[in-house]
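Using this note's numbering, you'd call the opening residue of the sequence shown number 19 and step up by one each time.
Every residue gets a Cβ at the ideal spot worked out from N, C-alpha and C, and that includes glycine.
All of these numbers come straight from a predicted model, not from anything done at the bench.
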Amino acid sequence: MTETNNKIRALFLTALMVFSVFAGTVAFTGTAAAASATAVVDTTNTSISPTSVDEGTTNTHTVTFVVDNINTTGDGNQDVIVDLPDALDTSSSGVTNSVVNEGAVTFGTTNVNSTSDTVTVTLQDDTSATTAENDTVNVTFEITNVAAPDVNSDTTANAVFSVDENVDGTAEDTYDGIALTINNTDGSDGTDDSTFSDGGLVFQGQTASYDAVDADNDFSSGTYYLYERVDSSTGSPVRQLSRSNGWVNATTSGLEIGQTYFISNNGSDPADADTTFTVREQDFSAAFDEDSVDNAGTTNVDIAFESTNRGEDYNVTVTSENLSDDDLVAIFDDNFGAFDADVDGDGEDDNDGVELTVTDGTQTDGANFSDIEGGEYNFTFSVTDTTAEDSDSVTVNDIGAGETAFADGNVEVAQGDVAAITIEMDGAATSGTLIVGDSQEDGYQANISVEDGANGDADGEVTVLFNTYTAGNNSLGTIATAEDSDDSVTVNANESVSAILATGEYTIYTSSSDAATTLDSPNDIGTLFIEERSTDDMQLWTAPGGADLDADGEDGVEESDISTLIEDGAVTQDDSITAGDYLIHQVTATGLEGVIDSDGSFVNAIANGSVTVTIEQTNPIQNRDPKTINVTNSLDAITLVEGDGAYYIAVDTGSSDVDVERDGSDVSGSGNGLADGDEFEATFTVADDRLLMSEDDEDHQSVNATFEVESAETDFDSDPVEVEAAADQVVSGTTNYAPGTELTVRVRSNDGTQPRFFNTETVTVQADGTFNASFNFTEQSAEDEFTASVRKSGNQIASADGVVVEDAGTPTATATPDDGTPTDTATATATATATATATPDDGTPTATATPDDGGDETETSTSTPGFGAVLAVIALIGAALLAVRRDN
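This is the structure in structure tokens:
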């Protein structure tokens, strides 16, 4: 029992040492620049060029982005965002030629979202330059491969510039005053939708255009007419056609579907036609998959556009009597690239409908009715260059604001720990407010805004991690964060208090509205119970040296990994640690989560003195200072694990990175300075004044444990090792390596043994320190000699001679007088453990040959195969003495 306690104390000391090491070497990662005056876009100097492009062209736009009042004194990031008109295609675009003209920033990552046509450029604070809390940043970059679509008329839309100073998805300022124009270059020269091969199809409503200059040698002679083909030799004139810049245009509106027409300036004979085409009606349908859709929560409903006889992209105009153009763009922009257009041809694009693009003739995707007012809406869908048209309607259900509620109305947390408060969203609610405490009743209040899915997918709840250590003191760090990175948590008010939040009950409120409404009319009320914290104990564990402590192979070593290894027997309690094994200290304490978060990590908490770890020898030789383990210098040999109320410090005692010192100098000698018989005490101390509510060192709280270092020792159960010339022969032994350690047992024939043999088996050290391996010796003979050895990590750690003895499985007859009474048959049985027993000589004869009337004589030997009787007794006495020595 004393030995076990010593091992536990040793593990604890090692754990403390590990914490100290981390405290000295781990640094915080950079945070976003602290907020100063709100950043604003300089609308005078921000520009994009060119602002006018031709349809069907691919261009590079040069952007000059100027932002004032931006904080560049930290090591954070800021995003500048250019939202190009939706009509442009950025699927092949990129950002190049980035130049910083002014300001303490450098260029970071860039991202082009071809779905929303937004270009995001991340700027990083340049601490090597002259920084300022209200800096002016002027950058230039190029957006390449921006494709302009074909348009029926000149189309203009604004490019929007915004700055997100905190990289939280919320723009501090937005400027939408620069217009980009896509020019319709066709004019009266012919329409792009009329391109067709001679004898091909033209959809009714399109304009068939004939390039007479390039295709007709007698372009200058005669007037061009559109003829209806009557038969192979006759055409009936429909109307005279005009010519413009070498093009002859024939509109197909009003022409008969299925009829063939031709253009000619050579008369009405179809044989003299310059070009021929047949009018067809475009098959087109548009329909919502559902009759209704919600305007909050799940707000998407699929709409299917289908054309069975037109396989290329085409544009569709969308109109609805009770929806504005902005509403229509919001509904169809996500998947169809909707944009405001001059649908009615009056020169204005306000509230006359929008255009969208159907890809490859048929497309089914979602239309988003988020925030659209409830009611029934009728939609008209018209193909822009043909007479094809369809309509459908959908009812929008008004879901309302929705509500929030606590998943658990009673939340318990130890003073100083971090409380997890989960808020569930109901109905349309995706955001809301959490209030912790009531200033009038509790002497403290924090107002916190929450948003579900602000940075990703919404899942109907937000878990707020509320730090009871930093609450009431903004200088100690944030008091609340979102558990899920997809969600957003913002602290709007944190009432100052002079000390750590007192133990007791605090009312918590939530609603889907603002803080004032939440306090007056909450959707739900609960209670936060802050309970007394404690520093409880330290336990010591051991594990095989070099073992992989990351049991699940994910996210590094966590508390769950250690728990799994304990359940599997790979980590066992012990306070006698074999040099080379892991020494694991487990510290049980509550209330440390908040100070660790405030300091940034467990390592930093140790470095800042919030907690301390010492490991010191308790049995130094006389006239010598005790050895200490310098945890800070031993970090490469230590694994730190933070858990829920449990903290683990795992030290690889076999590592050369373990720094053992005496009076500040490294201990000389073999290995890392840990020697057989060294005893240590590890002490873990909670020393944070705010957490303990005292500046007196006497109020610090400590736990400790001691451990003893042992040299590795491995032995076979017998020396020499005896096996029979049979199958399943067990070679066993004991070791003080940690349970779970893998060893290799090897048996190898000596010179002169025939047939030669060489066999190995990998074994695992059991909980009681034993190991055993099974071998087949059926091919060997008695008196064959071999060498047995044990290896660990390729190094031999034990060896013994071995000999094969007779197979005791065959009965041996004993000669006795045959008096008609059955007698027992003596059978030699090999046992794993030999026990020497002194028996008084009572005159009873042993192994005596007795004559049998008329029978043969058989003699049974009392000697041990391979040994004489005297040697066997000596071996047994030696084994007994060794057992006594081990017990001592």
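C-alpha gap between residue i and residue j, whole angstroms
{"i": "residue 449", "j": "residue 543", "result": "17 Å"}
{"i": "residue 167", "j": "residue 102", "result": "13 Å"}
{"i": "residue 290", "j": "residue 75", "result": "37 Å"}
{"i": "residue 801", "j": "residue 743", "result": "10 Å"}
{"i": "residue 753", "j": "residue 563", "result": "14 Å"}
{"i": "residue 569", "j": "residue 110", "result": "44 Å"}
{"i": "residue 684", "j": "residue 599", "result": "21 Å"}
{"i": "residue 768", "j": "residue 806", "result": "10 Å"}
{"i": "residue 31", "j": "residue 509", "result": "The predicted position of residue 31 is uncertain, since its pLDDT is 39 and thus under 50; no value can be drawn from it."}
{"i": "residue 401", "j": "residue 386", "result": "21 Å"}
{"i": "residue 757", "j": "residue 783", "result": "5 Å"}
{"i": "residue 706", "j": "residue 610", "result": "10 Å"}
{"i": "residue 911", "j": "residue 708", "result": "Limits of the chain in this structure are 19 at one end and 906 at the other, which puts residue 911 out of reach."}
{"i": "residue 368", "j": "residue 343", "result": "7 Å"}
{"i": "residue 648", "j": "residue 670", "result": "14 Å"}
{"i": "residue 731", "j": "residue 819", "result": "18 Å"}
{"i": "residue 376", "j": "residue 531", "result": "40 Å"}
{"i": "residue 618", "j": "residue 628", "result": "12 Å"}
{"i": "residue 470", "j": "residue 507", "result": "9 Å"}
{"i": "residue 229", "j": "residue 280", "result": "14 Å"}
{"i": "residue 457", "j": "residue 359", "result": "55 Å"}
Cross-strand partners of residue i (DSSP beta bridge)
{"i": "residue 666", "result": "604 and 659"}
{"i": "residue 227", "result": "267"}
{"i": "residue 83", "result": "157"}
{"i": "residue 450", "result": "468"}
{"i": "residue 633", "result": "700"}
{"i": "residue 580", "result": "The partner list for residue 580 (beta bridge, DSSP) is empty, contrary to what the question assumes."}
{"i": "residue 98", "result": "139 and 181"}
{"i": "residue 591", "result": "559"}
{"i": "residue 683", "result": "680"}
{"i": "residue 243", "result": "258 and 282"}
Whether residue i touches residue j by CB criterion (9 Å)
{"i": "residue 785", "j": "residue 587", "result": "yes"}
{"i": "residue 134", "j": "residue 59", "result": "no"}
{"i": "residue 702", "j": "residue 601", "result": "no"}
{"i": "residue 175", "j": "residue 153", "result": "no"}
{"i": "residue 323", "j": "residue 382", "result": "yes"}
{"i": "residue 523", "j": "residue 496", "result": "no"}
{"i": "residue 302", "j": "residue 261", "result": "no"}
{"i": "residue 466", "j": "residue 486", "result": "no"}
{"i": "residue 472", "j": "residue 435", "result": "no"}
{"i": "residue 96", "j": "residue 178", "result": "no"}
{"i": "residue 158", "j": "residue 116", "result": "yes"}
Collapsed DSSP secondary structure at residue i in the structure displayed
{"i": "residue 621", "result": "helix"}
{"i": "residue 650", "result": "helix"}
{"i": "residue 195", "result": "strand"}
{"i": "residue 534", "result": "helix"}
{"i": "residue 348", "result": "helix"}
{"i": "residue 183", "result": "coil"}
{"i": "residue 141", "result": "strand"}
{"i": "residue 255", "result": "strand"}
{"i": "residue 289", "result": "helix"}
{"i": "residue 814", "result": "strand"}
{"i": "residue 302", "result": "coil"}
{"i": "residue 212", "result": "Only weak support is given to the placement of residue 212: the predicted model assigns it a pLDDT of 48, under 50, and the value that follows is read from those uncertain coordinates. Helix."}
{"i": "residue 320", "result": "strand"}
{"i": "residue 747", "result": "strand"}
{"i": "residue 804", "result": "strand"}
{"i": "residue 614", "result": "helix"}
Chain-order list of residues whose beta-carbon lies under 7 Å from that of residue i (same chain, five-residue window excluded)
{"i": "residue 5", "result": "Nothing can be reported for residue 5, as the shown portion of the chain is limited to 19 through 906."}
{"i": "residue 129", "result": "138"}
{"i": "residue 248", "result": "254"}
Residues near residue i in its chain [Cβ-Cβ closer than 6 Å; skip 5 each side]
{"i": "residue 370", "result": "361 and 362"}
{"i": "residue 405", "result": "222 and 223"}
{"i": "residue 680", "result": "643 and 645"}
{"i": "residue 589", "result": "559, 561 and 583"}
{"i": "residue 84", "result": "60, 63, 64 and 156"}
Own chain partners of residue i with C-beta closer than 8 Å, once the 5 adjacent residues on each side are dropped
{"i": "residue 440", "result": "424, 425, 426, 479, 480, 481 and 482"}
{"i": "residue 636", "result": "644, 697, 698, 699 and 724"}
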